[in-house]
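Following: one structure in structure tokens, then a few remarks.
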Amino acid sequence: MSDPIKLTVDGREVTAPGGQLLIKAAEEHGTYIPRFCWHPRMKPVGMCRMCLVEVEGPRGKVLVTSCTTPVAEGMVVHTKSDVVKKAQEGVLEFLLVNHPLDCPVCDKGGECPLQDQTLSHGPGESRFVEEKRHFEKPIAISELVMLDRERCILCARCTRFSDEISGDPLIEFIDRGNHTQINTFPDEPFASYFSGNTVQICPVGALTATPYRFRARPWDLEAVESTCPQCSVGCRVSVQASQNQVLRLIGVDVDATNQGWLCDKGRFAFEHLRAPARLSTPLVRGADGELHEAGWGEALDLIASRIGAVIAERGPAAVAGLGGARSTNEEAYAFGKLLRGVLGTGNLDASLGDDPGAALLAGVPHRATIDDLERAKTILVWGPDLKEELPVLHLRVRRAATALGADVVVVHPRATGLDRDAAHVVRYRPGEGAATLQRLAAGEGDLAAVRAALDTGPVVAIVGRTGLAESADLADAVAAFALTLADAKVMPVARRGNVLGAIDMGVHPHLLPGRVAASDAAARAALAAAWGCAVAVPGRDTSGILSGMADGSIAAVLLLGCDPVADHPDRKAAAAAFDKAPFLVSLDLFLNESNRTADVVLPVDTFTEVEGTMTNLEGRVQKSNRIVPGVGASRPVVEILEDLAARLGGSIGAGAAAIAKEIALVAPAYAAVSWEALDWGRGRDGIVVAEGPFTHTPERRATDPSVGALTLHLGRVLYDGGTMITAGPSLARLAPEPAAHLHPDDASRLGFAAGDRVTVTGNAGSAAMAVAIDPTLARGTVYLPFNLGASIGNGLEVKVEK
Amino acid sequence: MTWPDTTLARARDIIARYPEPRSAVMPLLYVAMRHDGRLTDEGMRQVAALTGMTAVQVESVASFYSMYKRHVGSHVVSVCTSISCHLLGGRDVLAAVSDATGVPAGETSADGSVTIESVECIGACGGAPAVQVDYELIEGVTPDKGAELCRWLMTAHPEVVHGDDLQTRFGGRRSFPAGPPDPVGAMGPYPAFGPLGTTGGEA
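Protein chains in written order, with my numbering: chain Z, 5 to 806; chain E, 49 to 251.
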């Protein structure tokens, strides 16, 4: 965009940045030009012709499509002249020639741009009396999306989205002329992680999502803006509900984060909220060894007396708490305050050992924001496959690469979603990460060009765990290297929704709320003064707590929305710890692998049911809002914890709103954050909290272990065996079967073909599964998707046998 | 990859002519048709793999243009019925051709040897009415000659059809009688560009 220029729209002189499209310039000055195909986040095509306007030129006025015409100095535009009106009426009459007008049975009815603009700009009557074209309606083009080709007006929004934005063009125009239709290849469904966006941007009812079809009318929906909790990107969503039930999520366009897009997991995972298996009453283990429904008073009394007894007999260090990474900041803060203040234990951790480490997450210097990707010249991605773990961040990186000219360097053991758009792709075998980093830093051999590319700043380095079998030290080392690059910022990434928020709230043995080192006695004293009770000294982290459970030194454990047996990379160690059956309390939505052995399980209110804040991976605090009640007797976490604290002779604060105010007072980094600020105006885009006071200097201390012929790449996939995926009917069936992926060379050396049943043995068990051949995999690597029902431990050494 | 090495080599030669692999999608679709005798899903998948497109993007191109056919006989006889040919008896030629083959326009004869189609202008108005056999042009065709042409295709099963040769045997008045000779023939309903033909003219 160059200097501002002046033009006249409907007789009014307005100013617009040079290069801006006329349709947008007019809209920003209050003149709405009707449109179907134009979308502000995609390139214009001028297909639907709805946005025709008259522009005065040397040969008189001409009709142009305002979505493809940039503003020019002195341009005189008429958007409401008789000629424009006639053109708009003509275009709409054409668009409606084949439209079935089945609005009474169409899900889009009531919020349909075609309906609305026909009313406002249409001719009122059609001259078309012939037979309209007919198609089978609707057809399923994927497990989630239905297509009604009769309603389609061929605006190409969906095809352009899948090509330009998500990069998986699995739908296209087929045939031509009057037969033109959108469709998929005969046996290749629209299996995109981002397919829901096409439903959202479809300007008619042609694309509908199966979870919402025939469930509500737009005018019956209530809506509230909130933050998607499914991963740590923190996409802005509009949660829409009717009759106390969430029915759909719509992406809200926020420049800083999701720019209007959502992934299908974020969009459709809400189904778990009303899943039949969701817990609706407290459960207490009876004398028969089974969990029985109980009242809240009974359950809380039991917890208080048992934990009180543990503390009395063995001291507070025998109590521990895990979780908070799926909770709001207020819930995590309350959890930390209960453990540190009321119970007096420093054994607490929100990180489950599957992220790059709390120190890097919370304390990285020069943290990048997602929006830094807009300005980056070079983007280094050495971490998880973003498409699988942080899908909307993947879209932002992809946008930087395809639309903004950034060079992307991807380092990963196998092909990632970004490879096709990357300038450089480096493959390495898990277990050789440190050596690969060494060679990359030195620009040795084939990595010379990659190293040279990294010299062009600004650089954004997205750093995380590429796989769970590799040490978190590698991510630290990569961050240390990235910080040596010119004009570099680092974005440490972890998947779980509010993991950074929970660490910031002090759910970590070494950090107090607001990223203050817990080892600092003065800081503890200041917090003790604010809390009115003593603050425990640092205790154990997750692995310490698990080993303490295994050796009996931890006798009581509180879980807050946390399933270590499923989610800890070393599931066998976690399972062994939970088998020791300490006194176990779980606050959760479902029974899961960890809390099946619990003594008390408490049902909690969750996303869409409680008000609070979340902190995304860039440190952006955003508001999460309530629109529906919980199920049955479930209660908000903060109220449960307050009741428990009261029974134990303490207090953590009355309600989330009060806790939010307390956070701003005691957590230095969060001093500027308040619910009021986040609910209004610019604050709705979130507030990025300041860095520090705790800082962590990443170090190049990673070393490669000596490994055998085959090493394990334990990476995540978007649809896995997680409870929020498996509880909802729409996403549950999308999880793939576990498979041992081998490079063709390794497969032929070992004598395996695709589909062969093999036994894969890791450091903590064996599992039988099929072989899949993956030519993109680094040689000597076995790729096994994590949490799909096959668990072999997270050691690098792996064996594959018939 | 299910194509034989020679076909793949041919495809890669074609891709090498363009700055972007996807630009080669149209000639590659002819290669795919020649390999399978008609346009198939598998052929489109192969083209997609070679050009870095998705299969549906290839299908989008293939379904837009009428010469990529999912159902086709050994030869395609295209009879022009646009204005010039229409005025000079193109409809009669089409009727005669349909009589001789026993199938209406748009269909393939029972023995699979000939597909008949009616097409819009094929750029031979000066020699109307015009017919194409496998996109090789014949001008000044009478109904009788058209029928004779089809009977010949159905009995002789020519491996190669050659425009200049067909013109001599079945054609009449031409738009440009002194045009340069065209040495390239067609080996089925796939246009052959250049001395070797898009689909490999040697065979």
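Idealized CB from N, CA, C, for every residue including glycine.
- Look at the region 176 to 190 of chain Z: the residues with a C-beta under 8 Å from a C-beta of chain E are Glu176, Phe177, Ile178, Asp179, Arg180, Asn187, Thr188, Phe189 and Pro190.
- Straight across, the Cα-Cα distance linking E:Val120 with E:Cys128 is about 18 Å.
- Within chain E, no residue has its beta carbon less than 7 Å from that of Z:Leu148; the closest one is some 17 Å off.
- Not flagged as an interface residue toward chain E: Z:Leu399, since no C-beta distance is shorter than 8 Å.
- Counting every other CB atom within 10 Å of its CB across the protein chains shown gives Z:Glu32 a total below 16, marking it as exposed.
- Residue environment for E:Tyr66: exposed (fewer than 16 other C-beta atoms within 10 angstroms of its C-beta).
- With respect to Z:Ala227, Z:Val243 sits close: the two C-beta atoms are nearer than 8 Å.
- In the structure shown, Z:Asp592 adopts extended strand secondary structure according to DSSP, grouped into three states.
- Counting only runs of at least 4 residues, the region 633 to 716 of chain Z fully encloses the following alpha helix (DSSP H) elements, listed from N- to C-terminal order: 641 to 651, 660 to 670 and 679 to 683.
- Relative to Z:Ala279, the option among Z:Gly536, Z:Ala731, Z:Arg737 and Z:Glu378 whose CA is nearest is Z:Ala731.
- In the three-state scheme derived from DSSP, where H, G and I count as helix and E and B as strand, Z:Lys576 is classed as helix.
- Around the CB of Z:His138, fewer than 16 other CB atoms lie within 10 Å, so the residue is classed as exposed.
- In the DSSP annotation of this structure, the continuous segment of the beta strand (DSSP E) that includes Z:Tyr787 starts and ends at Thr785 to Pro789.
- Not one beta carbon of chain Z lies nearer than 8 Å to the beta carbon of E:Asp230.
- Per the DSSP secondary-structure output, Z:Asp353 pairs in a beta bridge with Z:Leu326.
- Within chain E, the C-beta atoms nearer than 9 Å to that of Z:Glu192 come from Arg93, Thr102, Ala103 and Val104, in chain order.
- Annotation: the continuous beta strand (DSSP E) that includes Z:Leu606 extends over Val604 to Pro607.
- Residue-level contact by beta carbon holds for E:Asp89 and chain Z, with a gap shorter than 8 Å.
- Pairing Z:Ile644 with Z:Gly659, the inter-Cα distance amounts to about 10 Å.
- In the displayed model, E:Lys193 falls within a helix according to three-state DSSP.
- Note on geometry: alpha-carbon atoms of Z:Leu306 and Z:Ser638 lie some 18 Å from one another.
- Closest by C-alpha distance to Z:His745, out of Z:Leu606, Z:Ala774, Z:Ala736 and Z:Val81, is Z:Ala774.
- Residue contact with chain E for Z:Pro173: present (Cβ-Cβ distance below 8 Å to some residue of chain E).
- Using a Cβ distance threshold of 8 Å, Z:Ile656 and Z:Val346 count as a contacting pair.
- Just so you know, the alpha carbons of Z:Pro568 and Z:Thr727 end up roughly 12 Å apart.
- Close to E:Ser166, with beta-carbon spacing below 9 Å, lies no residue of chain Z; the smallest spacing is near 16 Å.
- The beta-carbon separation of Z:Ala410 and Z:Thr382, rounded to 6 Å, stays under the 8 Å limit for a contact.
- In terms of CA proximity to Z:Thr35, Z:Ser70 leads the group Z:Pro48, Z:Ser70 and Z:Arg45.
- Between Z:Leu487 and Z:Ala426, the alpha-carbon positions lie close to 21 Å from each other.
- By the Cβ-count criterion, Z:Gly505 is buried, with 16 or more other Cβ atoms from all chains shown falling within 10 Å of its own Cβ.
- By the rule that beta-carbons nearer than 8 Å mark a contact, E:Ser126 does not touch chain Z.
- Excluding sequence positions up to five before and after Z:Pro360, its CB lies within less than 6 Å of the CB of Gly468, Arg469, Ala476, Ala479 and Pro496, all in the same chain and listed in chain order.
- Any Cβ of chain Z closer than 8 Å to the Cβ of E:Glu107 would place that residue at the interface, and such an atom is present.
- In terms of beta-carbon proximity, E:Ser111 lines the interface with chain Z, with at least one pair separated by less than 8 Å.
- Take the alpha-carbon of Z:Arg433 and the one of Z:Leu444: they are about 14 Å apart.
- Residue burial is scored here from C-beta neighbours: E:Asp182 has at least 16 other C-beta atoms within 10 angstroms and is therefore classed as buried.
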